[in-house]
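**Student:** Positions 890 to 1103 (the numbering used here) are the ones given, in order, by the sequence shown. Ideal Cβ positions, reconstructed from N, Cα and C, are used throughout, including at glycine.
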Amino acid sequence: MFDNIPLQRYVCKVSEPESTSLDLEANSPPNVDAGRPLDVSAVRALTHPLRLRLLDLLRFEGPSTATLLAGQVGESSGSTSYHLRQLARHGFIEEATHRGGRERWWRYQERRDSVTEDDLSGGSVRTLLGELLSREAYALEAYLGADARDPAWDSAAFFQTRALRLTVDELQELQSVMGATIARFRAADRDDAPPEAVPVRVLAFAFPQALGQS
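Structure follows, in structure tokens:
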């Protein structure tokens, strides 16, 4: 069903690392806000499409200012400044104090959020997840629709899908293994990457499939 998609390789298994006892904190960038409850106000702050776009730019292109971001998204600097302050208020970004100049610089701050069962039943979280998935789908469509792509990167890119039958404990183990594997690699906003490195999007989710709805 995916023959018409110009990704050159599909990986149909998850390779276990030699050890799954990696220290996630040790492999994370320094600007990580440790896990804390994702309250309703923080969720609502993210459901704004422009804020998600600004967050995406800071995640993948590094620190920036309200003026620079305004030029990228086609908004006024006053508008982007307001939305950046809202993102900072809820801990999604922080001021990049090492930058010079008169204008404030912002950088992405990774949040290790926890969502309670009550949160999952709320409309705000569902709206946020919908917005996030829409952004990922848009990014994938843009990649697939590009006029020219580097064959080496096209070969390395992959789409993965697998039908499993797991217990709750096994699904939690899979989450830990995948999280530990991804944590071995540098974040997009790290400044110690080799010159040939580029931002790469990684999206993963696993959930129980309701019988009769496949």
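(1) Apart from the five residues just before and just after D892, which ones in its own chain have a Cβ nearer than 6 Å to its Cβ?
(2) Grab me the residues of D1078's own chain with a C-beta within less than 7 Å of its C-beta, minus the 5 sequence neighbours each way, in chain order.
(3) Pick helix, strand or coil for E950, following the three-state DSSP scheme.
(4) Let's test the definition: count the other Cβ atoms within 10 Å of the Cβ of T1056 and tell me whether it reaches 16, buried, or not, exposed.
(5) How far does the beta strand (DSSP E) with R996 in it extend, from its first residue to its last?
(6) In chain order, what residues of the same chain lie with their CB nearer than 8 Å to the CB of F1094, ignoring the 5 residues before and after it?
(7) Can you give the Cα-Cα distance for S1023 and P938, rounded to whole angstroms?
(8) Using the C-alpha atoms, what's the distance from G1019 back to T1070?
(9) Under the assumption that L941 contacts L935 (Cβ atoms under 8 Å), give the Cβ distance between them as a whole number of angstroms.
(10) Do you know whose CA, among D1039, D1036, L973, L1063, lies nearest L1053's CA?
(11) Per DSSP, what kind of secondary structure is E1062 in: helix, strand or coil?
(12) Taking the CB atoms as reference points, tell me whether T954 and E984 lie closer together than 7 Å.
(13) Quick one: Cα of V1087 to Cα of W1042, how far?
(14) Checking 7 Å against the spacing of the C-beta atoms, do E1025 and L1092 come in under that value?
(15) Quick check: V932 and V1014, are their CB atoms within less than 7 Å of each other?
(16) Roughly how many angstroms separate the alpha carbons of T1050 and D1058, rounded to a whole number?
(17) Tell whether a beta-carbon distance below 7 Å holds between S966 and A959.
(18) Under three-state DSSP, which class holds E984?
(19) Quick one: grab the DSSP three-state call for N920.
(20) Should A1046 and R1090 be called a contact, given that it needs their Cβ atoms to be closer than 7 Å?
(21) Output the boundary residues of the alpha helix (DSSP H) element that contains A1041.
(22) Quick one: Cα of P1040 to Cα of L1033, how far?
**Tutor:** With the structure as the only source:
(1) With a pLDDT of 34 at D892, under the threshold of 50, the predicted position of this residue should be treated as unreliable, and no value is reported.
(2) Excluding residues within five positions, the ones whose Cβ falls inside 7 Å are P918, R948, G951, R996, Y997.
(3) In this structure, E950 counts as helix in the three-state DSSP scheme.
(4) Its Cβ having fewer than 16 others within 10 Å, T1056 is exposed.
(5) Its beta strand (DSSP E) spans residues 994–997.
(6) Hits under 8 Å: none found.
(7) One C-alpha to the other measures close to 10 Å.
(8) Distance between the alpha carbons of T1070 and G1019 is about 26 Å.
(9) Cβ-Cβ separation between L941 and L935: approximately 6 Å, consistent with a contact (criterion under 8 Å).
(10) Minimum Cα distance to L1053 is reached at L1063.
(11) Of the three classes helix, strand and coil, the one that applies to E1062 here is helix, per DSSP.
(12) For T954 and E984, no; Cβs fall outside 7 Å.
(13) Straight-line Cα distance between these residues: approximately 10 Å.
(14) Contact flag set, yes.
(15) Result yes, Cβ atoms of V932 and V1014 sit closer than 7 Å.
(16) Here the C-alpha atom of T1050 lies approximately 20 Å from the C-alpha atom of D1058.
(17) Taking 7 Å as the Cβ cut-off, S966 and A959 qualify as a contacting pair.
(18) E984: strand per DSSP, three-state reduction.
(19) At N920 the pLDDT is 48, less than 50, meaning the model places this residue with poor confidence; the figure from the coordinates comes in the next sentence. Note: N920 maps to coil in three-state DSSP.
(20) No, the Cβ-Cβ distance between A1046 and R1090 is not below 7 Å.
(21) In the DSSP assignment, A1041 falls within the unbroken alpha helix (DSSP H) covering 1040–1045.
(22) Taking the straight line from one Cα to the other gives about 13 Å.
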